[in-house]
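Written out below as structure tokens is the structure these notes cover.
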């Protein structure tokens with residue numbers, strides 16, 4: 001496949017390499033274990049989103065997209081990142097982790113901060129703050145109206161699957 005939208009696996013890796021983007025390692029493999037543990041790599045979907053964002057990352061003027069691209073590329077454990085500027089020359093990056101409930105560890109925040117404070121990434125005048133995303137717990141209450149009969153359970157399973165995919 002020649003387009004990012006349709007490429008998968010190795011084809012997508014090649015298109016990423018054309019844009020100086022590499023698939024991230026989420027969890028490193030361990031060859032010392034028996035049987036060996038394979039590395040968990042970034043999904044095609046996540047890589048597909050980072051490839052076009054690489055063009056934003058080329059800017060050193062401090063655009064939101066550049067900060068978000070570099071935060072996402074800092075470590076495979078970063079599920080999402082959001083940049084905003086609460087005041088002139090101040091930038092806050094919120095990081096959502098793939099681990100646990102999404103709260104970013106101090107180690108992950110430090111890795112992202114180090115990547116974003118690189119001289120080739122952050123403009124000299126920007127003061128950068130990297131924080132964990134605020135995790136908001138919620139519950140979904142739903143009412144499904146179904147006709148009586150034996151098909152209720154598959155309908156509930158399909159509804160749960162759709163909700164999980166949406167979330």
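Numbering (UniProt numbering), first residue to last: 1 to 167. Think of the CB as a built atom: it goes at the ideal place given N, C-alpha and C, for glycine as much as any other residue. Please read all numbers here as calculations on a predicted model, not as lab measurements.
- The C-beta separation of residue 78 from residue 120 comes to about 19 Å, leaving the pair out of contact by the 8 Å criterion.
- If you check the CB distance, residue 95 and residue 104 come in under 8 Å.
- Annotation: residue 124 to residue 117 spans about 9 Å, alpha carbon to alpha carbon.
- The DSSP assignment places complete alpha helix (DSSP H) segments of no fewer than 4 residues inside the segment 72-129 at 106-116, in order along the chain.
- In the assembly as shown, residue 163 is an exposed residue. Its beta-carbon has fewer than 16 other beta-carbons within 10 Å.
- Secondary structure of residue 45 (DSSP, three-state): helix.
- It is roughly 43 Å from the alpha-carbon of residue 160 to the alpha-carbon of residue 127.
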